[in-house]
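As you go down the protein sequences, you meet chains V and Y in turn. So for the first sequence, the working numbering puts the first residue at 300; every next one is plus one. So for the second sequence, the working numbering puts the first residue at 5; every next one is plus one. Have a look at the structure below, then the notes.
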Amino acid sequence: MKRLEIACLILILILVSFRYTEKLWKTPSDWPEPYYNFKKNPLDSATIQLGRVLFYDPVLSSDSSISCASCHSPYNAFTHVDHALSHGIKDRIGTRNSPVLVNLAWGKSFMWDGAVNHLDMQALAPLENQLEMDETLAHVLQKIGKQEKYKRLFKTAFHSETMTGERFLKAISQFMLTLVSSNSKYDQVIRGEKGIQFTEQENKGYVLFRENCASCHTEPLFTNQSFENNGLAVDSILQDIGRMRITQKSSDSLKFKVPTLRNIERSAPYMHDGRYRSLQMVLFHYSSDIHSSETLAPQLRNGIQLTEDDKRCLIAFLKTLTDYTFLSNKQFQYPRTP
Amino acid sequence: MIKALAYCLFLVPFLGWGQFTIDVNLTLDNQIIGLNNPIQLNDHSFQLEQVRFYLSKFEFYQNDQLVAVDPAEAYLVDFDLDSTRKLIFPTIQSAQIDEIRFLFGIDSLTNTSGAMTGALDPMHGMYWSWQSGYINCKLEGTFLSPKREAFQLHLGGYMKPFLGAQYITLKNSKIGNTQLDIDLNSLMQEVIHQKSNLHVMSPCFKAVEYAQILAKSIDQKP
């Protein structure tokens, strides 16, 4: 009898732990499979928690003033609000607008010009940028190596206190991989959830969107991950050539990575340099202010013809991409009890 | 008796019999050179302050047949750390080897595979942060005369057309352990010749050219 009880208990434990690990990742229905290779970095709740603590810890910057979250705030789908160009330590101003951190598991390259080829390597860029956190990975590991808190967190995550660059980077990746936004009104409508429908205006906006925007901002991620020139005039001070900085090919001049539009209502200002403060300004750009150049995307050569009503409808549709479950998810916020 | 024999066999790898080792040296015109010492080259003198590079993906051949693949991903050779200049391959029997193939640098696949451990851990400072990719080779120093001038070569790149890693094949004429000399003569001649390129810090054609020159300067001594 006793034996049977123990066997049952073990079975239940095994089943529970299976369910538990399964819950950490779920590809939303009808979405493509993620691009990130989870086999090399299997999600695990203790590692996610370590990544989350690191993400919110200013110890990652040279004067302990700036954390990842300083430029990527959870309340704004992890972008820097109000600032066109992101601010780093000692108020040094960067050269680009911080993008939202959403659905990164599907990302094939990162940064506006695709300079980073793997999510694991992304954290190195701000960490070692003089205008951002101005640190080195080796020194950050040394600093956190002295803290009991991190010894505990590494031990729980990796069953060893040894802090390597690999573990540090993979933990931050794990936290970022959990930032999945797939429960906006748009998603609920597409899934055919009961009682949820587009308004007439949103519906008209959706039709316009599919006609004019979806070739680049492709559903369900709202990006096709390619690099395009969407007709922005070059900023005379920043002189940002985009993708060409990486490939040094003139055919890539002024091309930037097509950004997702999920939670776009919350992530102003817009574009790689944050030049537009509102969605109205973005649509004014696409309809009336396209700058022609060699690499301009062909579908934008003549601008996109939009009436004032079309613009209102498009904006109404774009606002259905706001995911309140995502924006208020406590799991993503500052870890109060690390 | 059998026990004693097994014991001896067990000890063999520790005694170093049979296991294959490679000693890496920096040379200039076949003279071994080191860091932080003035070095004369024609009418120039310079000193090296940092020399670090990756050697990776070792394969061992006999009569053109692949005998063994080294399980280690890569070695980071750092002339500031003597221990890193000796590469030890405990599972390779030197007697069988007549050819070694390896990469000077890190291949494209490894460059796009995310965070790695050991020699490939980005905490060693051999990874570009603002743009992904391993720095295959860091060579830094100062010209002391005729004019004091720093030079800094960070060679890398994993995307076409800037593929930095170089395939090296060496015939192991003499059976036994080997010494690998990297002669800086051609490279430094070129650096002197190209004074406008004293700071190569990102993937570009110049970086590929310098890496090719270095690859040609790798020679093996029994």
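A virtual CB, placed ideally from N, CA and C, is assigned to each residue, including glycine.
Legend entry - 7 Å Cβ cut-off: residues of chain V touching methionine 120/Y: Counted from its first residue, the second sequence places residue 120/Y at position 116. By Cβ distance, chain V contributes Glu465.
Inset, instruction - Output yes if chain V places a C-beta closer than 8 Å to the C-beta of threonine 116/Y; else output no. - result: Here residue 116/Y refers to the residue found at position 112 when the second sequence is read from its first residue. Output row for threonine 116/Y: interface = yes.
Inset, instruction - Tell me whether tyrosine 623/V is buried or exposed, calling it buried when 16 or more other Cβ atoms sit within 10 Å of its Cβ. - result: As a working note, residue 623/V is residue 324 in the first sequence. That one is exposed.
Inset, instruction - Evaluate arginine 56/Y with the Cβ neighbour count: other Cβ atoms within 10 Å of its Cβ, from every protein chain shown; 16 or more gives buried, anything less gives exposed. - result: Counted from its first residue, the second sequence places residue 56/Y at position 52. Buried.
Inset, instruction - For chain V, find out if any of its Cβ atoms is closer than 8 Å to the Cβ of glycine 168/Y; answer yes or no. - result: Your numbering for residue 168/Y matches position 164 in the second sequence. No, glycine 168/Y does not count as interfacial toward chain V.
Inset, instruction - Could you name each continuous beta strand (DSSP E) segment of 3 residues or more that falls completely within the segment 102-146 of chain Y, going from the start of the chain to the end? - result: 103-108
Inset, instruction - Would you tell me roughly how many angstroms separate the C-alpha atoms of phenylalanine 481/V and phenylalanine 354/V, rounded to the nearest one? - result: Position 182 of the first sequence, counted from the start, is the residue given in the question as residue 481/V. Position 55 of the first sequence, counted from the start, is the residue given in the question as residue 354/V. Correcting the residue type first, residue 481/V is serine in the shown sequence and not phenylalanine. The straight-line gap from Cα to Cα measures roughly 22 Å.
Inset, instruction - Classify valine 73/Y as helix, strand or coil using the three-state DSSP reduction. - result: Within the second sequence, residue 73/Y is the residue found at index 69, counting from 1. Valine 73/Y falls in the strand class under three-state DSSP.
Legend entry - Bounding residues of the alpha helix (DSSP H) (the contiguous stretch that carries asparagine 336/V): Numbered from its first residue, the first sequence carries residue 336/V at position 37. Unbroken run through asparagine 336/V: none, as it is neither H nor E.
Inset, instruction - Output, in sequence order along the chain, the residues in the segment 400-428 of chain V whose CB is closer than 8 Å to any CB in chain B. - result: The structure shown contains no chain B; its protein chains are V and Y.
Inset, instruction - Count the other CB atoms, across all protein chains shown, that sit within 10 Å of the CB of lysine 608/V; report buried if there are 16 or more and exposed otherwise. - result: Looking up residue 608/V in the first sequence gives position 309. Here residue 608/V turns out to be aspartate, not lysine, going by the sequence shown. The residue is exposed, with fewer than 16 neighbouring Cβ atoms inside 10 Å.
Legend entry - For glutamine 160/Y: DSSP bridge partner residues: Taking the first residue of the second sequence as 1, we reach residue 160/Y at position 156. A small fix is needed here, since residue 160/Y is glycine in this sequence, not glutamine. Ile139/Y.
Legend entry - Contact list for tyrosine 131/Y against chain V, beta-carbon separation under 7 Å: Position 127 of the second sequence, counting from 1, holds the residue named residue 131/Y. Within chain V, the residues near tyrosine 131/Y are Leu423.
Inset, instruction - Pick out whichever of Gln54/Y, Gln23/Y, Gln170/Y, Asp27/Y has its Cα sitting closest to the Cα of glycine 38/Y. - result: Mapped onto the second sequence, residue 38/Y falls at position 34. Of the candidates Gln54/Y, Gln23/Y, Gln170/Y, Asp27/Y, the one whose C-alpha sits nearest the C-alpha of glycine 38/Y is Gln54/Y.
Inset, instruction - State the DSSP-derived secondary structure class of tyrosine 355/V, mapped to helix, strand or coil. - result: As a position in the first sequence, residue 355/V is number 56, starting the count at 1. Three-state result, tyrosine 355/V: coil.
Legend entry - Neighbourhood of serine 552/V by C-beta distance below 6 Å, restricted to the same chain and skipping five residues each side: The residue labelled residue 552/V in the question sits at position 253 within the first sequence. Excluding sequence neighbours, serine 552/V sits near Ile540, Met543, Thr594.
Legend entry - Three-state class that DSSP yields for aspartate 433/V in the structure shown: By one-based count along the first sequence, residue 433/V stands at place 134. Coil.
Legend entry - Distance between asparagine 628/V and leucine 124/Y (C-alpha atoms, nearest Å): Locating residue 124/Y in the second sequence gives position 120, counting from the first residue. Locating residue 628/V in the first sequence gives position 329, counting from the first residue. Their backbone Cα atoms lie some 35 Å apart in a straight line.
Legend entry - Identity of the residue in Ser361/V, Val488/V, Tyr569/V nearest histidine 382/V by Cα: Indexing the first sequence from 1 puts residue 382/V at position 83. Residue Tyr569/V is the option with its Cα nearest to histidine 382/V.
Inset, instruction - With a floor of 3 residues, list each beta strand (DSSP E) that falls wholly inside the segment 19-64 of chain Y, ordered by position along the chain. - result: 23-32, 43-45
Inset, instruction - Note down, in chain order, each residue of its chain lying with its Cβ closer than 6 Å to the Cβ of glutamine 156/Y, except the 5 sequence neighbours on either side. - result: Position 152 of the second sequence, counted from the start, is the residue given in the question as residue 156/Y. Taken in chain order, the residues that qualify are Glu144, His203.
Inset, instruction - Check the Cβ-Cβ distances between glutamine 135/Y and every residue of chain V, and say whether any is below 8 Å. - result: Here the question's residue 135/Y lines up with position 131 in the second sequence. Interface residue, yes.
Legend entry - At least three beta-carbon pairs within less than 8 Å, the segment 78-88 of chain Y to the segment 59-66 of chain Y: yes
Legend entry - asparagine 443/V, buried or exposed, once every other Cβ within 10 Å from all chains shown has been counted against 16: Numbered from its first residue, the first sequence carries residue 443/V at position 144. The sequence as given places isoleucine at residue 443/V; asparagine does not occur at that position. When all chains shown are included, isoleucine 443/V counts as buried.
Inset, instruction - Step through the CB atoms of chain Y and report whether any lies within less than 8 Å of the CB of alanine 437/V. - result: Position 138 of the first sequence, counted from the start, is the residue given in the question as residue 437/V. It does: the Cβ of alanine 437/V has a partner Cβ on chain Y nearer than 8 Å.
Inset, instruction - Just grab the DSSP bridge partners of asparagine 528/V for me. - result: In the first sequence, residue 528/V corresponds to position 229, counting from 1. Looking at the DSSP assignment, asparagine 528/V forms a beta bridge with Leu595/V.
Inset, instruction - Establish whether the CB of lysine 469/V and some CB of chain Y are separated by less than 8 Å. - result: Along the first sequence, one-based indexing puts residue 469/V at 170. Interface residue, yes.
Legend entry - Secondary structure of aspartate 223/Y, DSSP reduced to three states: For this step, residue 223/Y is matched to residue 219 along the second sequence. Strand.
Legend entry - Straight-line Cα distance separating cysteine 612/V from leucine 520/V: Reading the first sequence from its first residue, position 221 is the one you call residue 520/V. Reading the first sequence from its first residue, position 313 is the one you call residue 612/V. When rounded, the distance between both Cα atoms is 20 Å.
Legend entry - Nearest-angstrom beta carbon gap, methionine 163/Y and threonine 463/V [assumed within contact, 8 Å]: What you label residue 463/V is simply residue 164 of the first sequence in a count that begins at 1. What you label residue 163/Y is simply residue 159 of the second sequence in a count that begins at 1. Between methionine 163/Y and threonine 463/V the Cβ distance is about 26 Å, and since that is not below 8 Å, they are no contact.
Inset, instruction - Kindly confirm or deny that the segment 508-526 of chain V and the segment 554-568 of chain V touch, where touching means at least three C-beta pairs closer than 8 Å. - result: yes
Inset, instruction - Could you work out which residue in Gln170/Y, Thr114/Y, Ile96/Y, Leu184/Y is closest to tyrosine 214/Y when comparing CA atoms only? - result: Residue 214/Y sits at position 210 when you count from the first residue of the second sequence. Nearest of Gln170/Y, Thr114/Y, Ile96/Y, Leu184/Y to tyrosine 214/Y, Cα basis: Gln170/Y.
Legend entry - Beta carbon of glycine 413/V nearer than 8 Å to that of isoleucine 589/V: Taking the first sequence and counting its residues from 1, one reaches residue 413/V at position 114. Taking the first sequence and counting its residues from 1, one reaches residue 589/V at position 290. Their beta carbons are not under 8 Å apart, which means glycine 413/V does not touch isoleucine 589/V by this criterion.
Inset, instruction - Counting only the same chain and skipping the five closest in sequence on each side, list residues whose C-beta sits under 6 Å from that of aspartate 362/V. - result: Stepping through the first sequence from its first residue, residue 362/V is reached at position 63. Contacts found: Ile388.
Legend entry - isoleucine 185/Y: first and last residue of the uninterrupted beta strand (DSSP E) it sits in: As a first step, residue 185/Y must be located in the second sequence, where it is residue number 181. According to the sequence as given, residue 185/Y is aspartate; it is not isoleucine. Per DSSP, aspartate 185/Y belongs to the beta strand (DSSP E) from 182-187.
Legend entry - Cβ-Cβ distance between isoleucine 36/Y and leucine 30/Y below 8 Å: Stepping through the second sequence from its first residue, residue 36/Y is reached at position 32. Stepping through the second sequence from its first residue, residue 30/Y is reached at position 26. Yes, they are a contact pair.
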